[in-house]
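2 protein chains.
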Amino acid sequence: MFENKERTDINELGEFGLIKHLTTNFKIKNDYSVKGVGDDAAVLDAKGKQTLISTDLLLEGIHFDLAYVPLMHLGYKAVQVNLSDIYAMNGKASQITVSLGLSSKFPLEAVEEIYKGIELACNKYNIDLIGGDTSSSKQGLVISITSIGYADADKVVYRNGAQEHDLLCVSGDLGGAYLGLQILEREKLIYLENPQIQPDLEGKDYIIERQLKPEARMDIVALLDEMNIKPTAMIDVSDGLASEILHLAEQSDKGMTIYEEKIPLDPMTYETARELGIDPTVCALSGGEDYELLFTISQEDYKKLKHDVDITVIGHVTDKNSGCKMVSKSNNVHELKAQGWNAFNK
Amino acid sequence: MFENKERTDINELGEFGLIKHLTTNFKIKNDYSVKGVGDDAAVLDAKGKQTLISTDLLLEGIHFDLAYVPLMHLGYKAVQVNLSDIYAMNGKASQITVSLGLSSKFPLEAVEEIYKGIELACNKYNIDLIGGDTSSSKQGLVISITSIGYADADKVVYRNGAQEHDLLCVSGDLGGAYLGLQILEREKLIYLENPQIQPDLEGKDYIIERQLKPEARMDIVALLDEMNIKPTAMIDVSDGLASEILHLAEQSDKGMTIYEEKIPLDPMTYETARELGIDPTVCALSGGEDYELLFTISQEDYKKLKHDVDITVIGHVTDKNSGCKMVSKSNNVHELKAQGWNAFNK
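So the protein lines, in turn, are chains Z and C. Each residue of the first sequence is one higher than the one before, starting from 1 at the first, in UniProt numbering. Each residue of the second sequence is one higher than the one before, starting from 1 at the first, in UniProt numbering.
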């Protein structure tokens, strides 16, 4: 990376100089933010709401591969992954802190690329960058982001509120991010064997974008609010649909049944899965990284959202003893298992 | 490490199992914490106060060396480093999130040791562990902690409020943590040359403890409150006294003058410095990691704290043009320079 580009050594700036340089473009946008970067701690004002906090650690070689992830996309995605957790609580995300561990292979220009992606995400989602930490790393790139959001106490949605007979809904479509990753991995192997061959990503733009540039569903939280629907339970789809259903069911002490034919798949997801010889349903159930919202609503709210094309009812909540099941297209009943992405098996 | 001890592979538990296993002992203690570990985000209630947030990233080989840092101490110190930033805002620390990246060399028992230290710190400082992230790491141990605290809006103390003629004060004593590190490094080198030789730490317990097990100054924040003193500016001493004075002066747009003879040094710090041929004053000015509080107060508050043995007045605030100076014991005037610990020069 960066062989032919301008290289400025980070050491020239020092830690405080680097933070100042990187954060100078970031202006405070929220009145929840009293003081951002530049003191021992940031100062926030919840204005009577409850504060939501979530954090993610992203490590080179585990969560991302710099061979095919552009640094700007990485910065953008790292923010989205975090915001998604705040939206999954039915909250409004307002702030992030960003900590970076940078190995010596990174010149200033590389770090600036990461921050460009972070800035893009902050501007699009109205987020204030309020703090962080920057260090050299002997061990590749480390990104740790904490996101902060707000919600009225009676609007917070937990994982444990699903009631029997509630409807199980999911936003957007599933499985695309996983297949985007498969295509990127395939092209990386081809490139490693023969660096003359340009990557063939034609016709795969949607699923590549699902993998490299996911969008957290702020819009769904706003939509549900407009429709006057408060989900009874909610979670974001980071580890695959099956794993998230099991979390909701376990924490709500209920069972859940979904219907394979209802699982929303984009045509490109479907075709690429077939092309690679993978079952498209398995991509949705176990692929992960879709960052859609999975939630339960009471049946009486169904009429409010039944015409929305971006939300699909895929099943319902049952009693605990019925377990978590999928009814297949051929009407067989399968038990749902969490075979999702597991950071410890990579 | 751990060659002769019980080893349980983390993979046996999986990510969610590991988090559940590690956090099961942690009970919510604060009414600022509505919901801790176990959902997409933690839920906090600021109860009308302002929220303070700070974050630190600690990386193996940069911030700590597992050759001489016991894992329990590492967990304890990682929390203290973070709490110190909340106290430096004159706040009450109440919650932390902890993210860990674990290389495959770490068995479950090693991670439990880190969490024992975290638990000890949480219990002693009345802190709730409310979330985090756990991942495997290809790059050694990664610890990212975010701390959250609260203060009434009119009690928050920033770095930028120092006024001309204010007195500059510091808690405890300085330079010890740096000398503790020098002793540990020396003994590590001896051990590497001859593993038969046991480390000789006799008579160095205080400075070793300053390095391995620092205590953030929650007590000083409480003491100032009792004395009805609100500092005009405050910062914690993590990078060395000189660097912190420069931060306060720059952000307050003032100058500062300190007196070498006033800098509080423990006798063991003084003797060890002499023994190693280092100037004890330089240890205080540039050593860092003391996690004491450096603050300015108005002169009229002096009578309230002049008899407290744990707070020392070391200088005063001047006009900006006078710069940052130290008057030496021999009455020479030296300009203060930040030669403190810099994460990018290691």
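Positions of the beta carbon are idealized from the N, C-alpha and C atoms, including for glycine. Everything numeric in this text was worked out from a predicted model, so none of it was measured.
| Query | Result |
| --- | --- |
| Between the alpha carbons of L223 of chain C and A153 of chain Z, how many angstroms are there, rounded? | 34 Å |
| With a CB to CB cut of under 8 Å and the five nearest residues on each side skipped, what residues in its chain are close to Y291 of chain Z? | Q80, V81, S84, A177, P214, E215, A216, R217, D236, V237 and S238 |
| Check whether the Cβ atoms of M326 of chain Z and E261 of chain Z lie closer than 8 Å to each other. | no |
| Rank Z:G140, Z:P231, Z:E185 and Z:L100 by C-alpha distance to the C-alpha of R159 of chain Z and give the top, closest one. | Z:P231 |
| Along chain C, in chain order, which residues have C-beta atoms closer than 9 Å to that of R159 of chain Z? | G38, D39 and D40 |
| Quick check: is any heavy atom of the ligand SAH less than 7 Å from the C-beta of K29 of chain Z? | Among the components modelled here there is no ligand, and therefore nothing to report on the ligand SAH. |
| Is DSSP giving H334 of chain C helix, strand or coil here? | strand |
| Would you kindly work out how many angstroms separate the C-alpha atoms of D161 of chain Z and K304 of chain Z, rounded to a whole number? | One detail in the question is off: residue 161 of chain Z reads as Gly in this sequence, not Asp. Taking the straight line joining both Cα atoms gives about 20 Å. |
| Mind checking K77 of chain Z: buried by the 16 CB within 10 Å criterion, or exposed? | buried |
| Evaluate A343 of chain Z with the Cβ neighbour count: other Cβ atoms within 10 Å of its Cβ, from every protein chain shown; 16 or more gives buried, anything less gives exposed. | With a pLDDT of 39 at A343 of chain Z, under the threshold of 50, the modelled position of this residue cannot be trusted; read the value that follows with caution. Buried. |
| Could you check if N228 of chain C is buried or exposed, using at least 16 other CB atoms within 10 Å of its CB as the buried criterion? | exposed |
| Within this structure, are the beta carbons of T296 of chain C and L167 of chain C separated by less than 8 Å? | yes |
| Return the CA-CA distance between D9 of chain C and V111 of chain C, expressed in angstroms with no decimal places. | 11 Å |
| Roughly how many angstroms lie between the CA atoms of N321 of chain Z and I145 of chain Z, to the nearest whole one? | 38 Å |
| How many angstroms separate the CA atom of A121 of chain Z from the CA atom of L71 of chain Z? | 13 Å |
| Do we get a CB-CB distance below 8 Å when we pair D236 of chain C with the residues of chain Z? | yes |
| Would A46 of chain Z count as contacting chain C if we go by Cβ distances under 8 Å? | yes |
| What separation, rounded to the nearest whole angstrom, lies between the Cα atoms of L100 of chain C and S135 of chain C? | 6 Å |
| Assuming contact is defined by CB atoms lying nearer than 8 Å, are L129 of chain Z and G17 of chain Z in contact in what I supplied? | no |
| Please decide whether F344 of chain Z counts as near chain C, where near means a Cβ-Cβ distance under 8 Å. | Its pLDDT being 42, under 50, F344 of chain Z is placed unreliably in this model, and the coordinates cannot settle the point. |
| For T272 of chain Z, which three-state DSSP category applies? | helix |
| Strictly by DSSP, which residues pair up with V327 of chain Z? | Z:Y259 and Z:V333 |
| Within the same chain, show all residues whose beta-carbon is closer than 7 Å to that of T318 of chain Z, passing over the 5 residues directly before and after it, in chain order. | E164, K254, G255, M256 and T257 |
| I want to see whether chain Z comes within less than 8 Å of M89 of chain C, judged by CB atoms only; does it? | yes |
| Could you pull out every residue in the same chain whose Cβ sits closer than 7 Å to the Cβ of V43 of chain C, ignoring the five residues on either side in sequence? | V34 and K35 |
| Count the other C-beta atoms from every protein chain shown that fall within 10 angstroms of the C-beta of L276 of chain Z, then say buried if there are 16 or more, exposed otherwise. | exposed |
| How would you call R210 of chain Z, buried or exposed, if buried means at least 16 neighbouring beta carbons within 10 angstroms? | buried |
| Check T55 of chain Z in the structure and name its three-state DSSP category. | strand |
| Could you give the uninterrupted runs of the beta strand (DSSP E) lying entirely in the stretch 157 to 210 of chain Z, keeping only those of 3 residues or more? | 167 to 171 |
| Mind checking who K92 of chain Z pairs with in its DSSP beta bridge? | Z:Y150 |
| So, is V221 of chain C buried or exposed, given that buried needs 16 or more other C-beta atoms within 10 angstroms? | buried |
| Hey, does D133 of chain Z have any beta-carbon neighbour from chain C nearer than 8 Å? | yes |
| Reducing DSSP to helix, strand and coil, say where G17 of chain Z ends up. | helix |
| Measure how close the beta-carbons of V170 of chain C and I314 of chain C come, nearest whole angstrom, since I'm counting them as under 8 Å. | 6 Å |
| Who are the Cβ neighbours of L108 of chain Z in its own chain at under 6 Å, not counting the five residues just before and after it? | T8 and I10 |
| H247 of chain Z by DSSP, collapsed to three states: which one? | helix |
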